[in-house]
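Colleague:
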């Protein structure tokens, strides 16, 4: 299998004023090495489990999926955040464009896929209107088993099933904590098929656990190939991990406060969204692990080439010089096609040009344009986009991000800034135990009509 490449020519001082020198790179690699040592200690203590996911035994899952995946016309994944973004990234990258619009036969007799994440009523109601209960499988995913959005959406799906389905057990699969939480209790009480999310696997690091693998297997995606790609990074990609972590740390210290991910493939736009959660939630921290105030982090931005050449590149080149851009490029694009360009003389230069070659040329052109504007960029290259290379990309960033965080002694595996809004919401919904949060919210949330126009 092809090895992923990392090209930092246009982030190096040889080519970029203010870029990273060979000496700087070695110094920042030492800093990254400290982060890696801390990460490895957490893995050895059983606190962090994502590096072990490539060893996940998929036998039971594949057997279960083989027996049922052709029994349904629709698959609804019920989850939010890390329980949804990962499988959305897999689906967008691996399944054909317009997959849900294909006939059952053209889909290989596999189900369409819908993700019920947000509690936007128009979204969940539309999904339930499109699907038929008797032909639908729901995979309900929540690590804690407490996620309110997931519970609300599943409540609607449960009532929808009750109206048309006699044996709901055949239509529901649960992915949650192996031992605790309301969703685990519900699954056990109702004898539902379930797969565990180990406590050492954080939600945003869970795409290569049952969180992502269960729905992927039901869609006929080669989950072993995803894990093999991830394993290649663990076994043979740590030099790339450490180099990229060092480069990102260097530019953070140089005041680059925005980290742009720009894949030149529409199939990777959901991967970029997944990356934004991983980066932002892991690295945006106010305190170190020993309680010192640090206010650390950079803002992740999702873009897609060549689309955003026609919008955000204007800002990146002529706006504040506060960005690092990471491109993802494909050597070979599936279903590539050449154009004639003979419909009008002005476009004759396109004659015989492949779309994939045009896309790759635009990537190179954007690299060069950013360089002339003193914007550092890195290019991650993959041979082609398949399960293996997607697994490589997932694991590459799942290593880079915690190494960066741990190198400055922040905890990349918690999200204290997320919790308060959740607790206020629980209080507003009159959930038992959150009465104090309700009172606190009501004291804070006071608005003056004079500021509303």
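Numbering (the numbering used here), first residue to last: 44 to 496. Yeah, the Cβ is synthetic: ideal placement off N, Cα and C, and Gly gets one too.
#1: To which residues of the same chain is residue 45 closer than 6 Å at the C-beta, ignoring the five residues directly before and after it?
#2: In terms of residues, what are the limits of the alpha helix (DSSP H) holding residue 330?
#3: Quick check: what's the CA-CA separation for residue 413 versus residue 367?
#4: Quick one: Cα of residue 265 to Cα of residue 341, how far?
#5: Does the Cβ-Cβ distance between residue 445 and residue 459 come in under 7 Å?
#6: For residue 148, name the three-state secondary structure that DSSP assigns.
#7: Please classify residue 163 as buried or exposed, where buried requires at least 16 neighbouring CB atoms within 10 angstroms.
#8: Verify whether the separation of the beta carbon atoms of residue 343 and residue 323 is less than 7 Å.
#9: Which parts of the stretch 73 to 125 are runs of the alpha helix (DSSP H), unbroken and 4 residues or longer, counting only runs that do not cross its ends?
#10: Which word fits residue 495, buried or exposed, when buried means at least 16 other C-beta atoms lie within 10 angstroms of its C-beta?
#11: Quick one, which of 234, 449, 259, 390 has its alpha-carbon nearest residue 80's?
#12: In angstroms with no decimal places, state the Cα-to-Cα distance between residue 433 and residue 479.
#13: Taking its Cβ as the centre, do 16 or more other Cβ atoms sit within 10 Å of residue 220, making it buried, or is it exposed?
#14: From the DSSP output, read off the bridge partner residues of residue 305.
#15: Compute the Euclidean distance between the alpha carbons of residue 75 and residue 177, then round it to the nearest angstrom.
#16: Just to confirm my understanding: we take residue 418, look at its own chain, exclude 5 residues before and 5 after, and list those with CB closer than 7 Å. What are they?
#17: According to the neighbour-count rule (16 or more other Cβ atoms, all chains shown, within 10 Å of its Cβ), is residue 272 buried or exposed?
#18: Which one of 88, 184, 165 has the shortest CA to CA distance from residue 124?
#19: If we ignore side chains and look at the alpha-carbon of each, how far apart do residue 147 and residue 114 end up?
#20: Assuming residue 437 is part of the alpha helix (DSSP H), what are its boundary residues?
Modeller: The short version:
#1: 426
#2: From DSSP, residue 330 is part of no alpha helix (DSSP H) but of the beta strand (DSSP E) over 328 to 330.
#3: 10 Å
#4: 34 Å
#5: no
#6: coil
#7: exposed
#8: yes
#9: 102 to 111
#10: exposed
#11: 449
#12: 45 Å
#13: buried
#14: 370
#15: 52 Å
#16: 359, 360, 364, 366, 368
#17: buried
#18: 184
#19: 11 Å
#20: 430 to 450
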